[in-house]
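All remarks here apply to the structure that follows.
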């Protein structure tokens, strides 16, 4: 499935326990998806990073971001729930609370 070209996804496309629902936004290096946890029904955001588009410096920045998010637990910082990586992509699953989910709708 061509994730970059799809705005709304069917429930058949999943990443782990998460069903991708719709694209929220994109940049040169990543796309952010709205998704749902199949088990809890909770809303999450999936940040899909295109590893082939990252130079060494940007890859180091991504590693720092992952290290930071995996080490903090604060109500004002998004919570990293899971990470899926293959040769082409790294997908970060982050918690989506109602207090900031309206912002995701505007992206």
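Residue numbers (the numbering used here): 2 to 108. No residue lacks a Cβ here, since even glycine has one placed at the ideal position from N, Cα and C.
Do you know offhand how far residue 79's Cα is from residue 95's? On the chain shown, position 78 is the one that residue 79 refers to. On the chain shown, position 94 is the one that residue 95 refers to. Whole-angstrom Cα-Cα distance: 6 Å.
Name the one or two DSSP bridge partners that residue 126 has. With the chain covering 2 to 108 only, the question about residue 126 has no answer from this structure.
Simplified DSSP assignment, three categories, for residue 58: By one-based count along the chain shown, residue 58 stands at place 57. Here residue 58 sits in helix by DSSP.
Which residue's Cα is closest to the Cα of residue 89: 83, 19 and 51? The residue given as residue 89 occupies position 88 in the chain shown. Nearest option by C-alpha distance: 51.
Between the CA atoms of residue 49 and residue 33 - distance to the nearest angstrom: By 1-based counting over the chain shown, the position of residue 33 is 32. By 1-based counting over the chain shown, the position of residue 49 is 48. Cα to Cα, the separation comes out at about 6 Å.
Consult DSSP for residue 68 and reduce its assignment to one of helix, strand or coil. For the purposes of this step, residue 68 is taken as residue 67 along the chain shown, with counting starting at 1. Of the three classes helix, strand and coil, the one that applies to residue 68 here is helix, per DSSP.
Which term fits residue 59, buried or exposed, when burial requires 16 or more other beta carbons within 10 angstroms of its beta carbon? One-based indexing of the chain shown puts residue 59 at position 58. So residue 59 counts as exposed.
Confirm, please, whether the CB-CB distance from residue 85 to residue 16 is below 7 Å. Stepping through the chain shown from its first residue, residue 16 is reached at position 15. Stepping through the chain shown from its first residue, residue 85 is reached at position 84. Contact flag set, yes.
Return yes when the Cβ of residue 92 is within less than 7 Å of the Cβ of residue 47, no when it is not. The residue you call residue 47 lines up with position 46 of the chain shown. The residue you call residue 92 lines up with position 91 of the chain shown. The answer is yes: Cβ separation under 7 Å.
Excluding five sequence neighbours on each side, which residues of the same chain lie with their C-beta closer than 7 Å to the C-beta of residue 55? On the chain shown, residue 55 is found 54 positions in, with the first residue counted as 1. Beyond the five residues adjoining it in sequence on each side, residue 55 comes within less than 7 Å, by CB distance, of 30 and 63 in the same chain, given in chain order.
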